[in-house]
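Engineer: To convert a position in the sequence shown, counted from 1, into the numbering used here, add 7.
Every residue gets a Cβ at the ideal spot worked out from N, C-alpha and C, and that includes glycine.
Treat the numbers as computed from the prediction; the structure is a model and nothing was measured.
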Amino acid sequence: MKAILIIALLALASPFAHAGGDPGAGAQKSKPCAACHGADFNTPISADIPLLAGQHEDYLARVLSDYKSGVRKNPIMSGQAGALSSQDIVDLAAYFAGLPGKLKVIPLHRLVQ
Ligand code: HEC
Numbered sequence: 008m009k010a011i012l013i014i015a016l017l018a019l020a021s022p023f024a025h026a027g028g029d030p031g032a033g034a035q036k037s038k039p040c041a042a043c044h045g046a047d048f049n050t051p052i053s054a055d056i057p058l059l060a061g062q063h064e065d066y067l068a069r070v071l072s073d074y075k076s077g078v079r080k081n082p083i084m085s086g087q088a089g090a091l092s093s094q095d096i097v098d099l100a101a102y103f104a105g106l107p108g109k110l111k112v113i114p115l116h117r118l119v120q
């Protein structure tokens with residue numbers, strides 16, 4: 008009985024174990040991205056390039072997939088993301104999400120007076 012329970016738990020857990028990205032691999036793969044997004048991914052080279060450090064992991068993975076598929080279009084990033092595999096995308100997202108960042112949410116009541 009115990010063995011069946013353990014096997015059932017392993018079967019449930021394994022898809023999640025493989026779903027996450029590897030931040031260490033993401034760090035290696037992020038080297039070309041630093042040219043525009045900044046070495047710490049917090050200091051981009053111009054104001055129209057977004058901060059990536061500390062961004063939500065699921066958002067990053069989604070937006071990179073959207074650039075790759077063409078759902079989100081941008082001449083620069085479509086080219087960058089087009090060369091990424093699904094594994095690259097989750098690895099990069101895991102790496103950026105774990106970096107200390109300046110991103111913050113401004114409560115709506117402070118924007119709308
Ligand atoms: C040549 C400059 C350049 C390089 C190199 C570059 N980016 Fe970008 N990146 C941009 C610009 C510009 C944007 C904003 C595009 C837009 O408005 O959609 C952007 C947007 C993004 C976004 C969307 C962020 C958000 O808040 O929506 C992500 C994620 C991203 N880049 C990741 C990467 C990754 C990963 C790499 C490396 C594989 C990379 N970038 C390389 C210029 C660059």
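#1: So, at 6 Å on beta carbons, what are the nonlocal neighbours of G45 in its own chain, with the 5 sequence-adjacent residues on each side left out?
#2: Looking at the unbroken alpha helix (DSSP H) that takes in D95, where does it start and where does it end?
#3: For G28, collect the residues of the same chain with a Cβ closer than 8 Å to its Cβ; drop the 5 residues on either side in sequence, then sort them by chain order.
#4: Please say whether L71 and L58 have beta carbons closer to each other than 8 Å?
#5: Hey, how far is the Cα of V112 from the Cα of K80?
#6: For L110, which of R117, V119, K38, G61 has the nearest alpha-carbon?
#7: Confirm, please, whether the CB-CB distance from Y74 to A88 is below 8 Å.
#8: Along the chain, which unbroken stretches of the alpha helix (DSSP H) at least 4 residues long are found entirely within the region 35-83?
#9: In this structure, how does DSSP classify A15 when only helix, strand and coil are distinguished?
#10: From what residue to what residue does the alpha helix (DSSP H) around L118 run?
#11: Apart from the five residues just before and just after S85, which ones in its own chain have a Cβ nearer than 6 Å to its Cβ?
Structural biologist: Here's the rundown:
#1: Counted from its first residue, the sequence shown places residue 45 at position 38. Excluding positions up to five away in sequence, the list reads P51.
#2: Counted from its first residue, the sequence shown places residue 95 at position 88. Per DSSP, D95 belongs to the alpha helix (DSSP H) from 93-105.
#3: For the purposes of this step, residue 28 is identified with residue 21 of the sequence shown, where counting begins at 1. Result list for G28: E64, A68, Q94, I96, V97, D98, L99, A100, A101, Y102, in chain order.
#4: In the sequence shown, counting from the first residue as 1, residue 58 sits at position 51. In the sequence shown, counting from the first residue as 1, residue 71 sits at position 64. Going by C-beta atoms, L58 is not nearer than 8 Å to L71.
#5: On the sequence shown, residue 112 is found 105 positions in, with the first residue counted as 1. On the sequence shown, residue 80 is found 73 positions in, with the first residue counted as 1. V112 and K80: Cα-Cα distance of roughly 25 Å.
#6: Along the sequence shown, one-based indexing puts residue 110 at 103. The option with the nearest alpha carbon to L110 is G61.
#7: As a working mapping, residue 88 is identified with position 81 in the sequence shown. As a working mapping, residue 74 is identified with position 67 in the sequence shown. Cβ distance < 8 Å, so A88 and Y74 count as in contact.
#8: 41-44, 64-76
#9: Your numbering for residue 15 matches position 8 in the sequence shown. Residue placement at A15 cannot be trusted, given a pLDDT of 49 that sits under 50; what the coordinates show is reported in the next sentence. Looking at A15 - three-state DSSP - the assignment turns out to be helix.
#10: Mapped onto the sequence shown, residue 118 falls at position 111. Start and end: 115-118.
#11: Here residue 85 is taken as the residue at index 78 of the sequence shown, counted from 1. Same-chain partners within the cutoff: Y74.
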